[in-house]
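Enquirer: Provided herewith is a single structure, encoded as structure tokens, for subsequent inquiry.
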Amino acid sequence: MSKIDIRTVNVTQYVQPLREGGSLPAIVKADDGFLYVLKFRGAGQGKKALIAEFIGGEIARAINLKVPELVFMNLDDSFSKTEPDEEIQDLLKFSVGLNLGLHFLSEAITYDPLVSTVDALTASKVVLLDSIISNIDRTAKNTNLLHWHKELWIIDNGASFYFHHDWKNWENHLTRTFPLVKDHVLLQNATKLNEASKEIQQLLNRDKIAEIVSNIPEDWLLSEADTMTATEMRDAYIKFINTRFAKIDVLVKEAEDAR
């Protein structure tokens, strides 16, 4: 199984905000010459959204779904000083440090359930991915999927792992399933859930899960509002994912019943 190698790049140019995202992500250029969609640590859900985006994206990649390359992006304080828009200026100011970038897929189009097509196995894998990571935000209203080069690409997993917004009660989530799968945009296409489940179990294991979580930057885990240590939080993410993964058959049945 291949090792995760997350590159770190520096933002060299703020190109434009993406107004369709609630957290005002932006297209930026990095010192490697590529364009990225930058997710800001200073946005609404802050660093927790970056953690969810990172873990969700790398689990998706591990199970052979298409995900733009994820990179850590250093943002310095020079950008806020030249930005005329006050809202963006504040966002840049509060996001100095390490952020998360997704490789920009030029000319990709948003997945539209009425127009776009997706094969049953891919749809089934995405549905089970979101059941495992408790992603409440892949609905017809907001698909968080792109079509690029005739393939389906996974983006925007920031609403996953919502238990981490309330660490005091996170263990209550260990026994839950994912009833919100009923609203999943790909549920009707997901007719190969058993096959998808077998494939996921071949590709994902405890070591891979631990490796993904170990790559979360320490700085993203630390917050004055939280009483848990960074190590305790990492252990919690690992335990949550492993617990979900262990009951994948239950998640398959729940999705089948919902469909």
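In the working numbering, the protein residues as written are 1 to 259. Built from N, CA and C at the ideal position, the CB exists for glycine as well.
#1: Note the first and the last residue of the continuous alpha helix (DSSP H) segment covering Ile241.
#2: Alpha carbon to alpha carbon, what distance is there between Lys168 and Asn242?
#3: Keeping to the same chain, check which residues put their C-beta closer than 8 Å to that of Glu87; ignore five residues upstream and five downstream.
#4: Suppose you measure from the CA of Thr12 to the CA of Phe54; what does that come to, to the nearest Å?
#5: Output needed for Met228: all residues of its chain with C-beta closer than 6 Å, excluding positions within five of it in sequence on either side, in chain order.
#6: Between the C-alpha atoms of Glu151 and Gly57, what's the straight-line distance to the nearest angstrom?
#7: How many Å lie between Leu222 and Lys48 at the Cα?
#8: I need the boundaries of the beta strand (DSSP E) containing Phe54, first residue and last residue.
#9: With distances taken Cα to Cα, identify the nearest neighbour of Asp235 among Lys141, Glu171, Lys192 and Ser160.
#10: For the candidate residues Ile59, Ile154, Ser197 and Leu186, whose alpha-carbon lies nearest to that of Ala108?
#11: Using the rule of at least 16 other Cβ atoms within 10 Å of the residue's Cβ for burial, across every protein chain shown, is His149 buried or exposed?
#12: Beta strand (DSSP E) containing Ile261: first to last residue?
#13: Taking the beta carbon of Val250 as the centre, do at least 16 other beta carbons fall within 10 Å, making it buried, or is it exposed?
#14: Reducing DSSP to helix, strand and coil, say where Ala26 ends up.
#15: DSSP state of Thr117, grouped into three classes?
#16: Going by C-alpha to C-alpha distance, which of Ala52, Leu70 and Asn64 sits closest to Val9?
#17: DSSP beta-bridge partners for Gln13?
#18: Measuring straight from C-alpha to C-alpha, what distance separates Leu100 and Ser214?
#19: Please return the same chain residues whose Cβ sits closer than 6 Å to the Cβ of Ser124, not counting the five positions on each side in sequence.
#20: Which same chain residues end up closer than 7 Å to Gln201 when comparing Cβ atoms and leaving out the 5 residues on each side of it in sequence?
Expert: If we stick to the structure as given:
#1: Secondary structure note for Ile241: its alpha helix (DSSP H) is the uninterrupted segment Ala230 to Ala246.
#2: Approximately 20 Å, taken between the alpha carbons.
#3: Excluding positions up to five away in sequence, the list reads Leu24.
#4: Looking at the two C-alpha atoms, the distance is approximately 22 Å.
#5: In the same chain as Met228, and ignoring 5 residues on each side of it, the C-beta atoms closer than 6 Å to its own belong to Trp167, in chain order.
#6: So the two alpha carbons sit approximately 16 Å from each other.
#7: So the two alpha carbons sit approximately 10 Å from each other.
#8: Per DSSP, Phe54 lies in no beta strand (DSSP E) segment; the continuous alpha helix (DSSP H) that holds it begins and ends at Gly46 to Ala62.
#9: If we check each option's Cα against that of Asp235, Glu171 comes out closest.
#10: The candidate whose alpha carbon is nearest that of Ala108 is Ile154.
#11: The residue in question, His149, is exposed, as its Cβ has fewer than 16 Cβ neighbours within 10 Å.
#12: A query on residue 261 cannot be resolved here, the shown segment of the chain reaching from 1 to 259 and no further.
#13: Result: exposed.
#14: Ala26: strand per DSSP, three-state reduction.
#15: Correct three-state label for Thr117: coil.
#16: Taking Val9 as reference, the option from Ala52, Leu70 and Asn64 with the minimal CA-CA separation is Leu70.
#17: Answer is Lys29, bridged to Gln13.
#18: Looking at the two C-alpha atoms, the distance is approximately 16 Å.
#19: In chain order, Ala190, Lys192, Leu193 and Ala196 place their CB closer than 6 Å to the CB of Ser124, counting only its own chain and leaving out the 5 sequence neighbours on each side.
#20: Residues Ile248 of the same chain have their beta carbon placed closer than 7 Å to that of Gln201, with the five preceding and five following residues left out of the count.
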